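Residue numbers (this note's numbering): 26 to 634.
The beta carbon of each residue, even a glycine, is placed where N, CA and C say it ideally should be.
Note that the structure is predicted; figures quoted are calculated from it, not measured.
One structure below.
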């Protein structure tokens, strides 16, 4: 109650900077959307075994957003209003010829050929004004000052030719081959199309005569595959030389470049090799799957930093090769099959990756410094795994001046009592950029990930519990680095109460010195990100037919579902699954106070008639 009193006195009087109650109460935001989803198809039998199918699909979204910020929600008492309209249209046309025939009751052949095209378009307008005379006038035209007015029109298209052949002999020897030729307007004219073949083979060992002696084996199959896939997940016009308008000067319209053209930008391709064994025993009570894979990605689509003398600091390129290899195991067991049923699904995966090529042999993610951190955190090196975390190796706090027995210096400053002792990697008795950027202090990739789901049912009652987790990954808790830096007027962590205060203090928190540049990435902010989470728990009850028949319903089920209910972890941040820069494939394991996954509870009724 005392905290609320400090946050919120009356509707016209808020306290504190960026008051959360004011932000919640004094911002009027309305959003209205309409969506049309549609699909129509036709199928025609041409001759025996040969058919033609065509399908058209459309997804149209119209969105209107209006927002007004009251003077009570801003520090300077400003009022702002904005209005935006967007339209997203996506359509797809797929045409296939399919031939299926059985020969001599042992040869089963299926051949498919197809052509597909897809287009995605987006149009939008947004305007914002300020200076409204009253909090009761919330429309855009009520603000005399035009802050911004923007519009956009963008889109891309994909064209594909594809074919597939499936062959089975006595349902014992299985073979499949596929090929795709995809073209995307996102790429330059020189490299717009890519060809991606794949093939797989399977041997149902349990169908062999010599397996009859093993009656407890219901199914045993060995399978292998190799295939290539393409990725075109880049902005629509990344290959073109782009300019942005609206950079006006002295009443004249101005433009400036934002993208360097790259007509040779092409598809990112991944080739994967798989070998797997599927086993089912004891009348289907136990199913076991084990799979080994090797996946190599070439021409990875990434943005590379370039000297700012060009006027642009980055460009899209095909500039990296990576490798992933691992093992996956899955087990499904029907533990109880009577009136009380209990089924368990378990899976665990081990993955190891490394960077085979990355343009230059060394790349620091300097874009990730900031937010109170004085140096880069993530790093890319050939031969090392993705998610390499770098920084100073902290060895503790010097209790007294005399404990710096070697005369170690931070640059040109002698380390004294209360200062952090950092490992001197090159032995020059100085803490330099080598110790800051050259030390590996963590790995963001886990040793393994897994999950287990248990389902129980008894006389209409169903209970399902799904647990997931990972083990062995590191997280750089940048939030801690900021609130334990003690070099500004910002709030601080309670850990700073353990800071060094006088000669002889034994602690791992340094002296508090304002404006001291000590927020380099350090190993003391590296934490174990291992966790086990109750991801989903569902309890349901299906009413008996004697009750549902009275209201002429086929089924009625009531249920309650909880998500992210409990998390067991030693990580001190908000969420061990945090990844602030999730859109960048190389920046893993960094948590700048990412918003945690919400704990939700849903109550519902399913009825079927």
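Where residue 107 falls, given that 16 or more other Cβ within 10 Å makes a residue buried: buried
Starting from residue 242, follow the beta strand (DSSP E) in both directions and report where the run begins and ends. 242 to 256
With DSSP as the reference, label residue 46 as helix, strand or coil. helix
Tell me, which residues are paired with residue 126 by DSSP? 134
Run through DSSP, which three-state label would residue 290 get? coil
DSSP three-state call for residue 634: helix, strand or coil? coil
Supposed contact pair residue 229 and residue 196 - C-beta distance, whole angstroms, cut 8 Å: 7 Å
Inter-residue spacing [alpha-carbon to alpha-carbon] between residue 61 and residue 84: 6 Å
Tell me which residues share the same chain as residue 518 and place their Cβ nearer than 7 Å to its Cβ, disregarding the 5 neighbours each side in the sequence. 505, 508, 509
Can you give me the C-alpha to C-alpha distance between residue 436 and residue 457, rounded to a whole angstrom? 6 Å
Near residue 567, what residues of its chain come up, given a Cβ to Cβ distance below 6 Å and the 5 sequence neighbours on each side ignored? 485, 582
Sequence-distant residues of the same chain with beta carbon closer than 7 Å to residue 611, five excluded per side: 390, 403, 405, 411
Beta-carbon proximity of residue 614 to residue 483, cut-off 9 Å: no
CB contact flag (residue 250, residue 298, <9 Å): yes
Under 8 Å by Cβ, that's how I've got residue 23 and residue 628 pegged, so tell me the actual separation to the nearest angstrom. Limits of the chain in this structure are 26 at one end and 634 at the other, which puts residue 23 out of reach.
So what does DSSP say about residue 386, is it helix, strand or coil? Caution applies to residue 386, whose pLDDT of 42 falls short of 50 and renders its modelled position unreliable; the value that the coordinates give is listed next. Of the three classes helix, strand and coil, the one that applies to residue 386 here is coil, per DSSP.
Quick one, are the C-beta atoms of residue 174 and residue 201 less than 9 Å apart? no
Residues near residue 301 by beta carbon distance below 7 Å, same chain, minus five either side: 248, 314, 315, 316
Quick one: what's got a C-beta closer than 6 Å to residue 495's C-beta in the same chain, skipping five residues either side? 471, 474
Go to residue 587, then tell me how far its alpha helix (DSSP H) extends in each direction, as first and last residue. Not the alpha helix (DSSP H): residue 587 falls in the beta strand (DSSP E), residues 580 to 594.
Any chance the region 209 to 216 sits against the region 258 to 265, with 3 or more Cβ pairs inside 8 Å? yes
So if DSSP puts residue 120 in a beta bridge, which residue, or which two residues, is it bridged to? 79, 140
Looking at residue 221 and residue 206, is the spacing between their C-beta atoms short of 9 Å? yes
As an exercise, report each continuous alpha helix (DSSP H) stretch of at least 4 residues that is fully enclosed by the region 543 to 573, in chain order. 570 to 573
Taking the alpha-carbon positions, what's the residue 353 to residue 599 distance? 29 Å
Residue from 122, 329, 170 whose Cα sits closest to the Cα of residue 71: 122
Other residues of its chain near residue 26: CB distance less than 6 Å, five sequence neighbours each side excluded: Annotation note: pLDDT 40 at residue 26 (below 50); position unreliable, coordinate value reported separately. Closer than 6 Å at Cβ, skipping near neighbours: no residue.
With C-beta atoms as the reference, is residue 350 less than 9 Å away from residue 307? no
What residue range does the alpha helix (DSSP H) around residue 507 cover? 503 to 508
Round the Cβ separation of residue 549 and residue 533 to the nearest angstrom and send it over; I've been treating them as touching at under 8 Å. 6 Å
How is residue 302 classed by DSSP in three states: helix, strand or coil? strand
Taking just the CA atoms, how far does residue 63 sit from residue 124? 28 Å
Any idea what DSSP makes of residue 236, helix, strand or coil? helix
Ordered along the chain, which non-local residues of its own chain (more than five positions away) have a Cβ less than 8 Å from that of residue 520? 505, 509, 534
Rounded C-beta distance between residue 536 and residue 523? I'm assuming under 8 Å. With 8 Å as the limit, residue 536 and residue 523 do not qualify as a contact, their Cβ atoms being about 12 Å apart.
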